[in-house]
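Okay, structure first, notes after.
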Amino acid sequence: MRVRAGGLSGRGRVRHGFLTGGMGMLLAGAVGAGLTGGQGFAAGVPLAPPAVYPADTWQGRTVAVIRVLDKLDAHVEVLSVPVGGTAHYKNLEIGVARCVARPPTLAPDAAAWLDLRDTHPDGVAFHGWMLAAEPALGVLESPLYDVRMIRCEGQNTAPTPMPLATPVVPVLPSATPQAAPGGAPAADGTHLLVPPPGMQPTPGTTAQPTPATAPASTQAPSVVAPQAPLPPPVPFPSGDQNRAGSAEPKTGDTY
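When we follow UniProt numbering, the leftmost residue of the sequence shown carries the number 1, and every step to the right adds one.
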């Protein structure tokens with residue numbers, strides 16, 4: 001028994017090519033049948049854009065870190081107050097309503113809405129925003145305590161207490177604009193030109209464009225008379241008829 005080495009012969013290569021091409025066509029037909037036979041997506045269905053916050057929106061957090069200074073004994077206390085909770089430092093009540101931080105793509109900063117109240121009989125109160133990078137914008141005007149916003153910590157929450165607005169689904173213009181009553185523009189913003197009653201085509205026929213022609217005239221064309229020839233030029237008179245053929249000017253002659 002003799003074994004031929006060196007790969008497939010010419011006839012074997014042809015058979016191998018036919019088999020490979022046939023399998024490829026079968027696979028392509030099966031994939032096409034699955035795509036066309038299955039339930040696909042409807043064409044031309046508008047989709048609403050995703051509801052996202054702008055890129056420069058401050059990120060909400062769950063904990064506010066606040067530093068309190070007692071001006072009488074110079075004691076400093078750093079408090080971590082959860083959003084919606086209340087903390088106490090001596091006679092000072094500290095309530096946190098919100099805490100937001102700037103996104104990482106911007107300059108670092110944090111802000112908290114604080115409700116501060118000194119429980120002394122003549123104690124002061126503060127209700128508003130305090131910012132970590134701009135402490136002078138929100139100050140507790142108290143002779144006993146000084147409060148500063150440090151940072152926000154905890155888990156990420158929604159930047160605003162209310163949910164995002166639901167995006168509106170866009171309306172796609174129709175392929176065949178419908179005529180609007182009263183000559184108003186169509187739904188897709190185009191104006192429909194309605195031909196006059198005498199130019200409307202008969203139902204069942206196709207209107208063909210006609211070339212523009214000038215209206216026929218019933219008057220006979222006017223005959224233009226030929227123009228009369230001009231008279232010959234008159235020679236310029238000379239003072240001396242004997243020197244009429246002389247080409248040189250002479251003194252005393254009249255020209």
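From the three backbone atoms N, C-alpha and C, an ideal C-beta is built for every residue, glycine too.
- Membership of G154 in the beta strand (DSSP E) is indicated by the continuous run Y145 to T157.
- Distance from the Cα of G44 is smallest, within the candidate group P229, P103, P170 and P232, for P170.
- One Cα belongs to V139, the other to A51, and the distance between them is close to 36 Å.
- Cβ-Cβ distances below 7 Å link T62 to P82, V83, G154, Q155 and T157 in the same chain, with the five nearest sequence neighbours on each side left out; the list follows chain order.
- Membership of Y53 in any beta strand (DSSP E) is not indicated, and neither H nor E is assigned to it by DSSP.
- Counting the other Cβ atoms within 10 Å of the Cβ of L114 gives 16 or more, which makes it buried.
- Among the bridge pairs identified by DSSP, V83 is matched with none.
- Sorting L131, P159, Q227 and D118 by C-alpha distance to the C-alpha of R151 places L131 at the top.
- Taking all protein chains shown into account, L92 has 16 or more neighbouring C-beta atoms within 10 Å of its C-beta and is therefore buried.
- In this chain, the beta strand (DSSP E) harbouring H127 covers A125 to L131.
- In the structure shown, A111 adopts extended strand secondary structure according to DSSP, grouped into three states.
- In this chain, the beta strand (DSSP E) harbouring L92 covers L92 to A101.
- Looking at the DSSP output, D70 bridges to H75 and Y145.
- Burial of G60 is indicated by the presence of at least 16 other C-beta atoms within 10 angstroms of its C-beta.
- Between A55 and P103, the gap from beta carbon to beta carbon is short of 8 Å.
- Under the DSSP definition of a beta bridge, D118 partners with L92.
- Nearest to T57 by C-alpha distance, out of P173, P231, R98 and T160, is T160.
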